[in-house]
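Note that the sequence shown covers residues 1 to 829 in UniProt numbering. No residue lacks a Cβ here, since even glycine has one placed at the ideal position from N, Cα and C. Just below is one structure, and these are the notes that go with it.
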Amino acid sequence: MTQTSPTETATGDAETYDAVALQEKWRAVWDEREPFTADDDSPREKRYALTMFPYPSGDLHMGHAEVFALHDVVARYWRFRGYEVMNPIGWDSFGLPAENAAIRNDEHPSTYTYANIETQAASMRHYGLAFDWSRRLHTSDPEYYRWTQWLFTKFRERGLAYRKNSAVNWCPQDQTVLANEQVVDGACERCGAEVTKRELTQWYFRITDYAEELLSELDALEATWPNRVVTAQRNWIGRSEGAHVSFVVEGREEPLRVYTTRPDTVFGATFMVVAADAPLAAELCTDEQQEALEAYRAEVRRASDIERLATDRPKTGVFLGVHATNPVTGAQVPVWASDYVLADYGTGAIMAVPGQDQRDWEFAARFDLPVIRTVQPPADFEGEAFTGDGAAINSANDEIDLDGMGVAEAKAVVIPWLESKGLGEGTVNYRLRDWLLSRQRYWGVPIPVVHCPSCGEVDVPEDQLPVELPELRGADLKPKGVSPLAAAEDWVNVDCPSCGGPAKRDSDTMDTFVDSSWYFLRYCSPRYTGGPFDPAVTNAWMNVDLYIGGVEHAVLHLLYARFFTKVLRDMGLLETGEPFGAQLNQGFVINQGKKMSKSLGNGVNLGAQLDEFGVDAVRLTLVFAGPPEDDIDWSEMSPSGSLRFLQRAWRLAGDVTSAPGTDPAGGDAALRSVTHRTVEEVQRLVEGHKFNVVVARTMELVNATRKAIDTGAGPADPAVREAAETVAQLLSLVAPYVAEEMWERLGHEPCVAQSTWLDVDPALLVQASVTAVVQVQGKVRARLEVSPDVTPADLEAAALADEGVQRAIEGREVRKVVVRAPKLVNVVV
1 MTQTSPTETA TGDAETYDAV ALQEKWRAVW DEREPFTADD DSPREKRYAL
51 TMFPYPSGDL HMGHAEVFAL HDVVARYWRF RGYEVMNPIG WDSFGLPAEN
101 AAIRNDEHPS TYTYANIETQ AASMRHYGLA FDWSRRLHTS DPEYYRWTQW
151 LFTKFRERGL AYRKNSAVNW CPQDQTVLAN EQVVDGACER CGAEVTKREL
201 TQWYFRITDY AEELLSELDA LEATWPNRVV TAQRNWIGRS EGAHVSFVVE
251 GREEPLRVYT TRPDTVFGAT FMVVAADAPL AAELCTDEQQ EALEAYRAEV
301 RRASDIERLA TDRPKTGVFL GVHATNPVTG AQVPVWASDY VLADYGTGAI
351 MAVPGQDQRD WEFAARFDLP VIRTVQPPAD FEGEAFTGDG AAINSANDEI
401 DLDGMGVAEA KAVVIPWLES KGLGEGTVNY RLRDWLLSRQ RYWGVPIPVV
451 HCPSCGEVDV PEDQLPVELP ELRGADLKPK GVSPLAAAED WVNVDCPSCG
501 GPAKRDSDTM DTFVDSSWYF LRYCSPRYTG GPFDPAVTNA WMNVDLYIGG
551 VEHAVLHLLY ARFFTKVLRD MGLLETGEPF GAQLNQGFVI NQGKKMSKSL
601 GNGVNLGAQL DEFGVDAVRL TLVFAGPPED DIDWSEMSPS GSLRFLQRAW
651 RLAGDVTSAP GTDPAGGDAA LRSVTHRTVE EVQRLVEGHK FNVVVARTME
701 LVNATRKAID TGAGPADPAV REAAETVAQL LSLVAPYVAE EMWERLGHEP
751 CVAQSTWLDV DPALLVQASV TAVVQVQGKV RARLEVSPDV TPADLEAAAL
801 ADEGVQRAIE GREVRKVVVR APKLVNVVV
């Protein structure tokens, strides 16, 4: 970012500061002193502040500016409170965003990525962020991804990494497979292209082994994580309780097992549906129907899972030519294949109960199949399938009778009965599927496996890690549906580590979410060579006390990071099973009511804003705009107003005439009370993430201090020095350059961030009086000085007796008086 002098603004005072000069001056001091380097051996209580991993796909933008400004408030505040704070930074430098950007710019991903990293790093330093630069890391460094590969191997040893053939999500634009979590409304979450299906052999992590723990431990996170994040994870894991029910199929020795959350409705199962793209469909299909099935499957492959599950999608299917026996009625029911059942849900087949499931109802109506209701709908019910609770009907045979029971009771009775007859068993199922991690792209971590014709899949030995990514400079790296590594013969052709015979490396790379699932652990000991991290040091820092970032990672990254943490705990490397103790999501920075976009012409260039107004003014504007989770419309913000305020605050330091270290005890009591109450309230506000109110209280303290200098105690009063020093400390949370300059003007050595937070005097928190505002018809008519303990009745009486209020009422009838003691009275006439 270029640096030019901010625009001068009218302040009504000749004395103003040069923001560019301050930025250059203090950045050099911080670079030399490194005041934010964390000490692993410090005896102080540790706090771990973490902001989400940035991608190096360009320079910093307004979204970065917001999240970094918010994050810095917490990290700096914790230092003031006496904690040893680790606040690291690094780059998630592998993956599709960086690779696609490099290809668009006709550069090698390595060249493009590392150039962007240096650009972003310089911008972060310019932005005055309190990062511990000694812990900097990049996931594309061999020193880092050596341990990503090591972890993959260890997951394999524990049975948590495996390879299988299945229908996978395929992005036709990025030419790679995607995990289920990376498909949003049927489209690739990276590029927006419509996702299709392909049959491929791919690597997976068995995250489903941890499904129950991932779900149950969300209960403990509810108090410190945003509700919508917890809800999103619960919904994605999708726990359901039901049963597996066995149906005998003609001509097949093994029964067909289906999973259902409503085993109480089995009496109403009048047909069965198999996922058209599941191998089971072809296995069950008669020879006469094979041609029809293949034609239908070709049609199904063109639709995404989201489209297939859409409630308004017309139902289609093909009869497989076979029948199954309903285990409780003995009726022969036809077996169909359709696209509204997914191959990876349950067993890939369902019992269809059209009376109690709308999709089954629509399929039955389309193909003229029978409907038997098993739950009595209300008398006024006018729908088709009834999905609510009610008395069971048509649900009895010679051995079991569910009629008249409610849904819960009927389920509790039928499951043990099915189990006793060998017809089924109670089961817990999850929506969560195993994590598909293979990618057919170049810029990623090579999978450390060798494929040998004799030995099969062989792990690369630990002493041969990392398997480094070949540079392939000059090669065409554009996506083609297969990794470019497959064509790198010198790299892909190797000797088998087991038998020594000719073999080939796995040519796929790992999903970048693997890299970011453990980076926060590497920060704790980034130069450690004995493993991915030093367990002793990492356990001393973990878990992360506050994690700040976008809500768009509510499922993807957070779920994967939680999974990795639990596996590493079970490996004996970690003591905690949850990585992030608390989380805060920031809103978006928009402009003119819309997301910033070049095509809309409403983009805001961060560098231009910093050049015009200075770093501190932009940071203060972003923090003051509103609660962190709210969106910020930059067109409604006033960085010029922030600049004027900062100049006003800066002048306070120049006006103080008392000497550093002067005892404030004999100073102006009223100002001291404001100062101490401000600090006490700021402590609660920061812990409650009300950073915008922190700025408001700082502004109020500046006003009170200026009033004391100009019309009260005067610049020599030690209470004025105490207040001005407190302003400098508070401003350092959001405007570090101005704060540092104020601290120096007040006669102190740098850095203000390493100074001691004001020790609040409880005696000064007691207010002798507060100002109560009295409104008549919504307009302020009086301000009364009253006791903080004034009763509502006494406050109302005092308000109505005030001469200004009496004039405003002018003899009219008072209809209502709203009292909010001790600060507000609203009179309605």
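C-alpha gap between residue i and residue j, whole angstroms
i: residue 119; j: residue 93; result: 13 angstroms
i: residue 499; j: residue 65; result: 54 angstroms
i: residue 766; j: residue 627; result: 28 angstroms
i: residue 197; j: residue 237; result: 22 angstroms
i: residue 824; j: residue 756; result: 36 angstroms
i: residue 770; j: residue 780; result: 16 angstroms
i: residue 55; j: residue 159; result: 31 angstroms
i: residue 350; j: residue 194; result: 27 angstroms
i: residue 574; j: residue 511; result: 23 angstroms
i: residue 74; j: residue 112; result: 32 angstroms
i: residue 180; j: residue 357; result: 25 angstroms
i: residue 164; j: residue 333; result: 32 angstroms
i: residue 534; j: residue 522; result: 8 angstroms
i: residue 661; j: residue 732; result: 20 angstroms
i: residue 346; j: residue 258; result: 7 angstroms
i: residue 78; j: residue 84; result: 8 angstroms
Segment limits, alpha helix (DSSP H) that includes residue i
i: residue 351; result: It is not in any alpha helix (DSSP H) - residue 351 instead sits in the beta strand (DSSP E) that spans 349-352.
i: residue 219; result: 218-221
i: residue 415; result: 407-420
i: residue 103; result: 96-104
i: residue 112; result: 109-126
i: residue 706; result: 691-711
i: residue 69; result: 62-80
i: residue 393; result: Per DSSP, residue 393 belongs to no alpha helix (DSSP H) and is neither H nor E.
Integer Cβ distance of residue i from residue j, believed to fall under 8 angstroms
i: residue 591; j: residue 635; result: 5 angstroms
i: residue 784; j: residue 772; result: 5 angstroms
i: residue 36; j: residue 132; result: 5 angstroms
i: residue 150; j: residue 462; result: 7 angstroms
i: residue 191; j: residue 182; result: Actually they do not touch by this definition, with Cβ atoms about 11 angstroms apart.
i: residue 659; j: residue 728; result: Incorrect: roughly 16 angstroms between the Cβ atoms, too far for contact.
i: residue 321; j: residue 288; result: 6 angstroms
i: residue 826; j: residue 775; result: 5 angstroms
i: residue 353; j: residue 269; result: 5 angstroms
DSSP state of residue i mapped onto helix, strand, coil
i: residue 132; result: strand
i: residue 50; result: strand
i: residue 621; result: helix
i: residue 528; result: coil
i: residue 586; result: strand
i: residue 340; result: coil
i: residue 3; result: With a pLDDT of only 41 at residue 3, under 50, the local geometry of the prediction cannot be trusted, and the value read off the model is given with reservation. Coil, per DSSP.
i: residue 31; result: helix
i: residue 44; result: coil
i: residue 508; result: coil
i: residue 785; result: strand
i: residue 742; result: helix
i: residue 829; result: coil
i: residue 798; result: helix
i: residue 332; result: strand
Segment limits, beta strand (DSSP E) that includes residue i
i: residue 424; result: 424-430
i: residue 772; result: 770-776
i: residue 91; result: 88-91
i: residue 246; result: 239-249
i: residue 205; result: 196-205
i: residue 267; result: Where residue 267 is concerned, there is no enclosing beta strand (DSSP E), given that its DSSP letter is neither H nor E.
*asked:* Check whether the stretch 789-808 and the stretch 726-742 are in contact - that is, three or more C-beta pairs closer than 8 angstroms.
replied: Of all C-beta pairs linking the stretch 789-808 to the stretch 726-742, fewer than three are shorter than 8 angstroms, placing the two stretches out of contact.
*Would the stretch 664-680 and the stretch 693-713 be scored as touching if the rule is three or more Cβ pairs under 8 angstroms?*
Inter-segment contact for the stretch 664-680 and the stretch 693-713 is present: three or more beta-carbon pairs are separated by less than 8 angstroms.
*Within the chosen definition, does the stretch 107-121 reach the stretch 716-723 through at least 3 CB pairs nearer than 8 angstroms?*
no
_Across the stretch 519-539 and the stretch 470-481, are there enough close Cβ pairs to call them in contact, namely three or more that are closer than 8 angstroms?_
no
*asked:* For the stretch 277-294 against the stretch 368-382, do three or more pairs of beta-carbon atoms, one drawn from each stretch, fall closer than 8 angstroms, so that the two count as touching?
replied: Of all C-beta pairs linking the stretch 277-294 to the stretch 368-382, fewer than three are shorter than 8 angstroms, placing the two stretches out of contact.
*Given 8 angstroms as the limit, is there contact between the stretch 409-425 and the stretch 256-276, that is, 3 or more CB pairs closer than that?*
Under the three-pair Cβ rule at 8 angstroms, the stretch 409-425 counts as touching the stretch 256-276.
_Stretch pair the stretch 242-250 + the stretch 431-449: three plus CB contacts closer than 8 angstroms_ = no
*asked:* If contact is defined by three or more beta carbon pairs under 8 angstroms, each pair taking one atom from either stretch, is the stretch 214-234 in contact with the stretch 392-399?
replied: Contact between the stretch 392-399 and the stretch 214-234 is absent, because fewer than three Cβ pairs lie under 8 angstroms.
*Give a yes or no on contact between the stretch 508-523 and the stretch 90-104, applying the rule of three or more CB pairs nearer than 8 angstroms.*
yes
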